[in-house]
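Scroll down for the structure; my scribbles are underneath it.
Number of protein chains: 4
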Amino acid sequence: MAQKTLNVGMIGYGFMGRAHTNAYKQVGQFFPSGYWVNLKAVCARDADKVKAFADQWGYESTETDWRKLVERKDVDVIDVCTPNNLHKEIALAAAANGKAILCEKPLAMNAAEGREMIAAVEKAGVANMVWYNYRRIPAVTLAKRLIDEGRLGKIFHYRAKFLQDWTISPDLPQGGAGLWRLDAAAAGSGVSGDLLAHCIDTAVWLNGKMTEVCAQTETFIKERKHTLTGKVEKVGIDDACTFMGTFENGSLAKFESTRYARGHKALYTFEINGEKASIFWDLHDLHRLQYFDHKDEGKLRGWRSIHVTDHGGDHPYMQNWWVPGLAIGYESSFVHQVADFITGLEKGEPVGPTFKDAQETQLILDAVLASAKDRKWVNVGKA
Amino acid sequence: MAQKTLNVGMIGYGFMGRAHTNAYKQVGQFFPSGYWVNLKAVCARDADKVKAFADQWGYESTETDWRKLVERKDVDVIDVCTPNNLHKEIALAAAANGKAILCEKPLAMNAAEGREMIAAVEKAGVANMVWYNYRRIPAVTLAKRLIDEGRLGKIFHYRAKFLQDWTISPDLPQGGAGLWRLDAAAAGSGVSGDLLAHCIDTAVWLNGKMTEVCAQTETFIKERKHTLTGKVEKVGIDDACTFMGTFENGSLAKFESTRYARGHKALYTFEINGEKASIFWDLHDLHRLQYFDHKDEGKLRGWRSIHVTDHGGDHPYMQNWWVPGLAIGYESSFVHQVADFITGLEKGEPVGPTFKDAQETQLILDAVLASAKDRKWVNVGKA
Amino acid sequence: MAQKTLNVGMIGYGFMGRAHTNAYKQVGQFFPSGYWVNLKAVCARDADKVKAFADQWGYESTETDWRKLVERKDVDVIDVCTPNNLHKEIALAAAANGKAILCEKPLAMNAAEGREMIAAVEKAGVANMVWYNYRRIPAVTLAKRLIDEGRLGKIFHYRAKFLQDWTISPDLPQGGAGLWRLDAAAAGSGVSGDLLAHCIDTAVWLNGKMTEVCAQTETFIKERKHTLTGKVEKVGIDDACTFMGTFENGSLAKFESTRYARGHKALYTFEINGEKASIFWDLHDLHRLQYFDHKDEGKLRGWRSIHVTDHGGDHPYMQNWWVPGLAIGYESSFVHQVADFITGLEKGEPVGPTFKDAQETQLILDAVLASAKDRKWVNVGKA
Amino acid sequence: MAQKTLNVGMIGYGFMGRAHTNAYKQVGQFFPSGYWVNLKAVCARDADKVKAFADQWGYESTETDWRKLVERKDVDVIDVCTPNNLHKEIALAAAANGKAILCEKPLAMNAAEGREMIAAVEKAGVANMVWYNYRRIPAVTLAKRLIDEGRLGKIFHYRAKFLQDWTISPDLPQGGAGLWRLDAAAAGSGVSGDLLAHCIDTAVWLNGKMTEVCAQTETFIKERKHTLTGKVEKVGIDDACTFMGTFENGSLAKFESTRYARGHKALYTFEINGEKASIFWDLHDLHRLQYFDHKDEGKLRGWRSIHVTDHGGDHPYMQNWWVPGLAIGYESSFVHQVADFITGLEKGEPVGPTFKDAQETQLILDAVLASAKDRKWVNVGKA
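Chains as they are written, first to last, in the working numbering: chain A, 1 to 383; chain B, 1 to 383; chain C, 1 to 383; chain D, 1 to 383.
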């Protein structure tokens, strides 16, 4: 079967740039399809550095001005890996040029930007997706299937947290390469947009929309040296954010994120308690799903630790990898996302999370930040 | 050495009555002291049942009217094991009769009652203590020592939860023996007074007072048959309660309790994240303390699972039990509490949690319930 | 109902003396029956020390010569808590005096002694039992039920280990109070008689007899100061013992014990792999049973962590204790053993492990030690 | 810097063929070096299938006769991914043609074959390595570093097991694609050569050579249908193999492997107990290393669960991947092996496990199988 070529142009080459590129390269071997992903071009401001990246990772060409990249005729897909404050502008330009868009999360700085982006891709009729990659960790995808099969029954509780500890030192500066996540101008917010965004996207996917939230944020270190200005400046991001809330299905939400939880590197966990069964997942052991089923015989009830590495269609995506018992890594979630995106292209169907899907997270984040600021309950806005 | 006798009169003989009595019986063997605890009398309304209990557990005599018990000259200590709505009245009478008082938790229905009780014991000058027994699980006591030694440094986060699943069935009635915890008239509140009270007491002990809270409560099953009236009645308790807040030391609080978390029987956990170290504990594996120390050499940092069963003074209370590796049970926490209470008697010093200590939990609970009702942030009242 | 009194006379008051006595005291409250256990007398060589023990633990009287104790008319049951080298002599005398006998494990120094002891109790027709207490940890009893119900199917593998680390220091002396377990003259053997004996008893109970074994032993520290002689003497015990073997049912045995496993205090674990299901248990978390059932739906198969603390008859012994989720301790296994022993008395039936049951462990231990000595496979002898 | 090209010719394209090829493709991005790995040719008997594989994975050309492949001038490295019975013949031919050789494990059918292979590569002076990939799981490599730093002190115990459950069904046939591991003619042995080989290689690497062993093997299912002949034939492999032994450093060995451990997919674990510290690792959670250090302060001693995902040189290989907390998968171990092989090429130094290193495993396996057959202790032969 002759494969079509899908030419990718990526903007940015940091942590996410590497993760996406690895996915583009692996997808053809592990999830063969009618499309071959071609690494057409990568774009970043520093010509030498972007050239070195292109050489190492196999991109055919480089650009230093993203505006040029989005106008290139030989590029089909624009992958936006920049800091959050550039997502909207790039996406709008890419859409205007008829490119499919794969945008890093969060979709935008806020829901207002998100609305513009959705309008742009809808007007242009281009495929679009946001890199909320955790949906495609096989254990998380399995959780989705269990819920869709009705195994949990009525949901009472959804709780998630994302705990890190890498910003505890007051000597850490804000801004610049690798540290733009501490700079409110580039990131928009702190842990809420960076980490809670993941938790919220998964939650909306698994448990539906939220109606209202009440949040508390804190900035433990009030001032940090800014890498770009060289001066000590006020820190504008939230170091920690907790919120309560209610889902449309009546279940209660409890979310938390922080970068001040000593001992946790990237502890993203969620737990869902239903009338009939419960589920727990933990990114630190991403290949396992904990499952409790009240239908089990009384004396034998217990949380099952499911090693989500089986073949034969039982465990999502796993039949394309190794043999039972052998775990795959974090990076595979991006491979799965590209594979599904391609399936969508082949079928001519949108694949979630689309910009519109991801907008739900923006709406909740806006409500969360407003609630924390005004210290009151806030209704989640409508798309 | 001749031992003095400490004559106990206990009111109520349910779950807690058994736990306390077991402690009175074991303390002399495992924690010998200058006092011998004598089971003088037990009191309950049903004469036959209380007689049977006294026979089985070794009480010398019985009463059916608690007012008579508190007036008996041969009783030194009154142990209040009744539903919450009787605590105050009994405590006031016991104090008026010069009895030492060991009161089940929570101290009272609310802070106003608590104030009266504190005033009564202070006026009478009687020893007093509240059965927040989790302080004396060895792993929890070890956590306290680590904090007091300054090992955690500045605290950023304190989170606790107490999850159960025993009231999910709508067929469960409210009120009556064993089910008074579902009856707002007897219990005052639901999970907040029953379960969060434990979480809050431990938190205040380990991390200090709170300044403000913001809470959300839910009653999933709105009506249940009432055991005493035989009618379907509105449920007045909170089935679930989540709250955020701030401690006086600037750390953030996140608390949750529910009886609708399928798969959890009595999952009381707390985690404390400090600048230098973190601690985690879980009632389901009560003999372990998880500890992360940032001082550990980089490549060897990890959460330590400490099996808190060592001898030689290292692990609180454990030198009086078996040999390393052999866990003790839930009931031992009550033994430790009695042992410490007796030490306090010998030294003439109060032993926490006193009524005054326990009042802090009432103040926070009042604020939590008010916050949930009014849907806003509420300051924690002053003692 | 009038209770009969069961007068106990205990010989020895060390670690096991305390554990047994606690059981005698708790059994009446938690497992009420037609018998009341009365602490009639305790015997040990040091008159002052045994008097102090009797006062603290509530024994009515003391003896310093065990021969006198076993002849006392007011004693019904002799509890043998001495080092292993005295078991036989005491048991023979007790049987000759018509006493029921509760003997610490292992039954004897070897199978030859065991044969004499069995002959003695059978001739005298007295009740007899050996304190292999782990059979009555609720999770272990649950494992037995599951096997008896046929849930595991054909068994392929049984593996057990008992790992400790308390004798790694070469400065630890051998012999004397608390250290007789290092003295071959008093203990007979090292880890095999002390620790493997437990593993083997459980295994025979759960999986049946063994036919042959092949063992390896090691004594890492060859000489230690002897507490009694004050001289450095050759160490006669096995510090570590591993053996392979075959059960009568065709399954393979793998056993190991050592006191040189740094980091393990009392890590007794066993795992059984059957055609249909598997079981794992760990003394360090004694309230949990791990269970894997191949019948579970494919994508949801996983090891279940069963918190063996439920009520209502589901979880062995637990309905007599607290509420779901609250674990009981190591000491409860002795309470259960006394409760079952009393049930046996009431029914006039033997309760295992009887001397005869425990002899199976002696036979295997003899074969294990012979195999290690001769470095060859050895058939397990017949009772 | 101009890169040299390393042209790989691979024989076989099954599970291992895919794992190796993925490594060849990823190594250039994650571990850039002076060599670029080029997928020159892949060889297998079925022309159509090997062509399809080449297309999907990016090989430039195909062969159907491995003898032709090893003679091609445009191939630098021969990767042997065939069943075990072809390793020797291919390796000898490859060496004769001056090719570097990367051979799947185990090195050979037995030590005699291994000797020929070593002689061949030494005579030819070609680089050679065996795919014992588990050495390069970061947590395992970290274990090696800790041992080399002397942190464990004198070693007392080394125990390893590799448990699976995929051959329990008697309906599973032997022989043919995917099932040659059940066919003694193709595999040489059962779990010993397939699974214990991994355990032994790691052990020798971490703890040194063994001097003697005593083994027990079992074939639970005696006959299976043979895929190639269509007849029910005697099963010649070992379904389970346990062995005890002694290392040159005086520590005791305990090893086990089986394919009849219901509930375990690929449970390869090892534990090392030293005088000062202990280590545990488990393939099912391959990104964690459990570590116990006796130097830790007494009350805070516990097994640390180290999430081996840190940057900055602390955790082997991890600085080339993602960010702390994000686990990599099984396949990464092959990437690391290729990266190290290339480093060896650049330095002109052999990289372990070389054929000679891997021969140690053959010697132990020969002794294990002989011991099981003759039911006696057997000395491990000399290289």
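We put the beta carbon where it would ideally sit given N, CA and C, even for glycine.
Interface residues of chain B facing residue i [CB-CB closer than 7 angstroms]
i, result
"residue 98 of chain C", "Result: empty, since nearest Cβ-Cβ is about 30 angstroms, beyond 7 angstroms."
"residue 332 of chain C", "329"
"residue 35 of chain D", "Result: empty, since nearest Cβ-Cβ is about 29 angstroms, beyond 7 angstroms."
Residue of the options minimising C-alpha distance to residue i
i, options, result
"residue 161 of chain A", "A:131, A:198, A:230", "A:198"
"residue 144 of chain A", "A:118, A:202, A:88, A:129", "A:202"
"residue 68 of chain D", "D:10, D:24, D:118", "D:10"
"residue 102 of chain A", "A:303, A:204, A:133, A:301", "A:133"
"residue 19 of chain D", "A:326, A:346, A:248, A:357", "A:326"
"residue 271 of chain D", "D:12, D:81, D:92, D:147", "D:147"
"residue 35 of chain D", "D:343, D:268, D:213, D:236", "D:343"
"residue 337 of chain D", "D:28, D:3, D:2", "D:28"
"residue 209 of chain A", "A:248, A:3, A:86", "A:248"
"residue 21 of chain C", "C:60, C:177, C:306, C:227", "C:60"
"residue 98 of chain D", "D:74, D:117, D:126", "D:126"
"residue 165 of chain C", "D:37, D:6, D:315, D:301", "D:301"
Counted within 10 angstroms of its Cβ, other Cβ atoms place residue i as buried (16 or more) or exposed
i, result
"residue 149 of chain D", "exposed"
"residue 232 of chain D", "exposed"
"residue 239 of chain C", "buried"
"residue 373 of chain D", "exposed"
"residue 278 of chain B", "buried"
"residue 82 of chain B", "buried"
"residue 250 of chain A", "exposed"
"residue 379 of chain B", "exposed"
"residue 2 of chain B", "exposed"
"residue 65 of chain D", "exposed"
Where residue i meets chain C, residues with beta-carbon distance less than 9 angstroms
i, result
"residue 258 of chain D", "156, 157, 252, 273"
"residue 15 of chain B", "322, 323"
Contacts that residue i makes with chain C (C-beta to C-beta distance below 8 angstroms)
i, result
"residue 32 of chain B", "56"
"residue 59 of chain A", "What residue 59 of chain A touches in chain C: nothing, since even the nearest Cβ is about 39 angstroms away."
Under 7 angstroms from the C-beta of residue i: neighbouring residues of chain A
i, result
"residue 326 of chain D", "266, 330"
Proximal chain A residues relative to residue i, where beta-carbon distance stays under 8 angstroms
i, result
"residue 341 of chain D", "Near residue 341 of chain D there are no residues of chain A at all, since even the closest Cβ is about 19 angstroms away, more than 8 angstroms."
Of all the residues that make up the stretch 293–323 of chain D, which are near chain B by a beta-carbon distance shorter than 8 angstroms? Answer set for the stretch 293–323 of chain D: 293, 296, 298, 299, 300, 301, 302, 303, 304, 305, 306, 307, 310, 312, 314, 315.
Mind listing which residues of the stretch 133–154 of chain A have their C-beta closer than 9 angstroms to chain C's C-betas, in chain order? Residues passing the 9 angstroms Cβ filter: 142, 145, 146, 151.
I want to know whether the stretch 96–108 of chain A touches the stretch 250–261 of chain A - three or more CB-CB distances under 8 angstroms. Segments in contact, no.
Taking contact to mean at least 3 C-beta pairs separated by less than 8 angstroms, is the stretch 111–122 of chain D in contact with the stretch 37–55 of chain D? Contact check between the stretch 111–122 of chain D and the stretch 37–55 of chain D: fewer than three CB pairs, one atom from each, fall below 8 angstroms, which does not count as touching.
Using a Cβ-Cβ cut-off of less than 8 angstroms, list which residues of the stretch 274–286 of chain D approach chain C; keep chain order. For the stretch 274–286 of chain D, which is checked against every Cβ of chain C, the residues closer than 8 angstroms are 274, 275, 276, 277, 278.
Members of the stretch 230–248 of chain D that neighbour chain C once the beta carbon cut-off is set at 7 angstroms: 240, 242, 244: these are the residues of the stretch 230–248 of chain D whose beta carbon lies less than 7 angstroms from some beta carbon of chain C, given in chain order.
Just checking, does the stretch 123–140 of chain A make contact with the stretch 328–335 of chain A on the three C-beta pairs under 8 angstroms criterion? By the Cβ test, the stretch 123–140 of chain A is in contact with the stretch 328–335 of chain A, since at least three Cβ pairs between them sit closer than 8 angstroms.
Say whether the stretch 347–359 of chain D touches the stretch 183–196 of chain C, bearing in mind that this needs 3 or more beta-carbon pairs closer than 8 angstroms, one atom from each stretch. No, because fewer than three Cβ pairs between the stretch 347–359 of chain D and the stretch 183–196 of chain C fall closer than 8 angstroms, the two stretches do not touch.
Do the stretch 174–190 of chain D and the stretch 237–253 of chain D make contact, defined as three or more Cβ pairs closer than 8 angstroms? Yes, they touch.
Scan the stretch 197–228 of chain C for residues whose Cβ lies nearer than 7 angstroms to a Cβ of chain D and list them as they occur along the chain. So the list reads 214, 216, 218, 220, given in the order they occur along the chain.
Between the stretch 17–32 of chain D and chain A, which residues of the former have CB atoms less than 9 angstroms from a CB of the latter, in chain order? The residues in question are 18, 19, 21, 22, 25, 26, 28, 29, 30, 32.
Please list, in chain order, the residues of the stretch 365–381 of chain B that have any C-beta partner in chain A closer than 9 angstroms. Closer than 9 angstroms at the C-beta level to chain A, one finds these residues of the stretch 365–381 of chain B: 375, 376, 377.
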